[in-house]
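To keep things clear, I will list the structure first and then write my remarks on it.
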Amino acid sequence: MTNHSSGSRNFWHHRRVPFPLPAGPQAHSPDGYLRLCANELAALDWVLAYLAEDPRMDGMRCGAAEWCAFKDGQVFSLGWDWFQVDNQGARIDVHAGIRTNIQIRDRQGYDLPMPASQRHLVGAICRLPWQPVP
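Count along the sequence shown from 1, add 696, and you get the number used in my numbering.
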């Protein structure tokens, strides 16, 4: 992963996604979600789209991250807020929720309940090298 630190606490990093985005609307379901099974989610190749730290917070580091993956002409997105207190590793701010266009479905093709879907999405996030540089 690229070193996102500019040598100080104040950094804003934005990297363009290196793939062309679809020119027209995507084939979402009526509710706006793209559906995947858990094994399809695990097989996606994620690309860092955005990582930022908010310099306005005293006493802690916090920011936002977004990663994208591309499959069959569709763009999958995972975004979340993170925070770090003291010298411990950064953590996902689960209270802020995960911003995504992904809904996980079971093997029969039915949507998982949102808490179960969120657990799979958090698992995908934990496998990404998103931790900000100390």
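For each residue, glycine too, the CB sits at the ideal point set by N, CA and C.
Handout entry: Cys758 versus Asp777, Arg815, Cys764, residue with shortest Cα-Cα distance
Key = Asp777
Exercise for the section: Drop a sphere of 10 angstroms on the beta-carbon of Ala739, count the other beta-carbons inside from all chains shown, and report buried for 16 or more, exposed for fewer. Expected result: Classification of Ala739: exposed, given that the 10 Å Cβ count is below 16.
Exercise for the section: Give the single residue among Thr796, Asp768, His791, Met756 whose Cα lies nearest to the Cα of Val781. Expected result: With distances taken between Cα atoms, Val781 lies closest to Met756.
Practice task
Can you say whether Leu824 is buried or exposed, counting buried as having 16 or more other CB atoms within 10 angstroms of its CB?
Solution key: Counting Cβ neighbours within 10 Å, Leu824 comes out exposed, since fewer than 16 surround it.
Practice task
Kindly identify the DSSP beta-bridge partner or partners of Asp807.
Solution key: Arg801
Handout entry: CB of Gln770 within 8 Å of CB of Leu730, strictly
Key = yes
Handout entry: Cα-Cα separation between Asp768 and Asp754, rounded to whole angstroms
Key = 43 Å
Handout entry: Boundaries (first-last residue) of the alpha helix (DSSP H) holding Ala739
Key = Per DSSP, Ala739 belongs to the alpha helix (DSSP H) from 734-739.
Problem - Residue range of the beta strand (DSSP E) that includes Asp727 - result: Here Asp727 belongs to no beta strand (DSSP E), and DSSP marks it neither H nor E.
Exercise for the section: Please state if the CB of Cys764 and the CB of Ala786 are separated by a distance shorter than 8 Å. Expected result: no
Practice task
Apply the 10 Å Cβ neighbour rule to Ala820 and answer buried if 16 or more other Cβ atoms are within range, or exposed otherwise.
Solution key: buried
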